[in-house]
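Heads up, the thing below is written out as structure tokens.
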Amino acid sequence: MTLIRRRSAIVAAAALGASTLAGKALAQPTVTLRLHQFLPPQATIPARAIAPWAQKIESESGGRIKVQQFHSMSMGGSPPQLFDQARDGVADIVWTVLGYTPGRFNKSEVFELPFMSGKAEPASRAFHEYVAKHAADEFRQVHLLAAHTHGPGLFHSKSAITGLDSLRGLKVRGGSRIINNLLAKLGAAPVGMPVPAVTEALSKGVIDATTIPWEVTPSLKIAELVKHHTTFSGPTGLFTQTFALVMNRGSYNKLPADLKAIIDRNSGVETAALFGRAMDEGDKDGLAVAQKSGNSIVTLDAAETQRWKTTAAAVEADWVKEVQGKRIDGAKLVAEARALISKHAK
1200 MTLIRRRSAI VAAAALGAST LAGKALAQPT VTLRLHQFLP PQATIPARAI
1250 APWAQKIESE SGGRIKVQQF HSMSMGGSPP QLFDQARDGV ADIVWTVLGY
1300 TPGRFNKSEV FELPFMSGKA EPASRAFHEY VAKHAADEFR QVHLLAAHTH
1350 GPGLFHSKSA ITGLDSLRGL KVRGGSRIIN NLLAKLGAAP VGMPVPAVTE
1400 ALSKGVIDAT TIPWEVTPSL KIAELVKHHT TFSGPTGLFT QTFALVMNRG
1450 SYNKLPADLK AIIDRNSGVE TAALFGRAMD EGDKDGLAVA QKSGNSIVTL
1500 DAAETQRWKT TAAAVEADWV KEVQGKRIDG AKLVAEARAL ISKHAK
């Protein structure tokens, strides 16, 4: 074989090898994961947590995973149905509020107890670790990606709430049975509803006030609908709600091993912290919108805050007694939750 022919053969072989490798790469499966959640795309978590999380997965997979995002319940159903949609495969992934399905997440509810936690990032680290240790069985029907919280909960009201006396009789939206129990103990008339319904409920006078963190107020136009906001002294908020990003088990299990590894790398405590950080950043923005609107923002002093804590203590006692009837050691779980919150707050 002449030198020219030998070189031609080498080039041809190299080209064939490259073509074969390219063919194998093209043959690798591409997976589309449908992610369903209840808020508009501009809200804090969709914009600052879900979108970057999805982009990271798509990038790390070289485009082999596509996350198709469905906002504002656009796949159908209502927010309380989201967890079941993930369980049943209606959606591959959902982001949901655990408190929307009362009685389902008994052990996880401990983080919703009054004045339990403060900033969302450390609280989210604590909550995910808590779930992994003490409440994993509550997520056995799905594949848990991350469990997290929002930041300090507060009141947004049409009339000023400057103490317990000014709360009595007000119709106040609560986002879970724990929060509704708290509102009742404090003297308000609780009205349960998912957060997307709050804007209309305020505008139509169905409620006088709502309990939500700052972060979600801009997307719901709360600062336009009310003129008063009430917060509390100290590092913890009046209440906390818990959330989870979960995946259908079948959708996870059928992924190739390398794509499973990408999902795994983007799950767990650090992903919970990502969602918590987004909440903390959103709280700053929500507060700024209310300030720019000229709204009244009242922080109850330490003595008044203690009055609320004393009254709210009955909610924790009720919860411990209730879950004891379900063979759950509520007092132990409260202590463990507080220990983890303290650990991650340092």
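For the sequence shown, my numbering assigns the number 1200 to the initial residue and increments by one for each residue that follows. Even for Gly, the Cβ is constructed at its ideal location relative to N, Cα and C.
Item	Value
Three-state secondary structure assigned by DSSP to A1221	Note that A1221 scores 42 on pLDDT, short of 50, meaning its location in the model is unreliable and no value can be drawn from it.
Contacting residues, own chain, Cβ-Cβ under 7 Å from L1220 (five flanking each side not counted)	Below a pLDDT of 50, predicted positions are generally treated as unreliable, and L1220, at 39, falls in that range; the measurement from the model is reported next regardless. Around L1220: no qualifying Cβ.
Candidates K1384, V1405, R1324: closest to R1367 by CA position	K1384
Beta-carbon proximity of Y1299 to P1393, cut-off 8 Å	yes
Integer-rounded CB distance, given that A1322 should sit under 8 Å from T1348	4 Å
Anticipated Cβ contact below 8 Å, L1353 with S1466, distance rounded	Not really, about 30 Å apart at Cβ, beyond 8 Å.
According to DSSP, residues forming a beta bridge with T1361	According to DSSP, which records beta bridges pairwise, T1361 is partnered with nothing at all.
In chain order, each beta strand (DSSP E) run of at least 3 residues that lies wholly inside the stretch 1268-1349	1292-1296, 1342-1348
Beta carbon of P1278 nearer than 8 Å to that of P1395	yes
Per DSSP, cross-strand counterpart(s) of P1389	V1371
Status (buried if at least 16 other CB within 10 Å, exposed otherwise) for R1247	buried
Cβ neighbours of E1328 in the same chain (closer than 8 Å, five flanking residues each side left out)	V1468, L1539, H1543
Straight-line Cα distance separating R1263 from A1224	Residue placement at A1224 cannot be trusted, given a pLDDT of 44 that sits under 50; the coordinates are not used to answer.
T1498 to R1324 span [Cα, whole Å]	27 Å
Residue from G1529, G1386, G1350 with nearest C-alpha to K1370	G1386
Top-ranked residue by Cα proximity to R1339, from G1362, A1285, N1380	A1285
Exposure of G1350, with buried meaning 16 or more beta-carbon neighbours within 10 Å	buried
R1376 (DSSP reduced to helix, strand or coil)	helix
Among Q1236, A1346, W1413, I1421, nearest to I1180 - alpha-carbon criterion	The requested residue 1180 does not occur in the structure, where the chain is confined to residues 1200 to 1545.
Per-residue DSSP class, three states only, for E1535	helix
According to DSSP, residues forming a beta bridge with S1356	A1408, H1427
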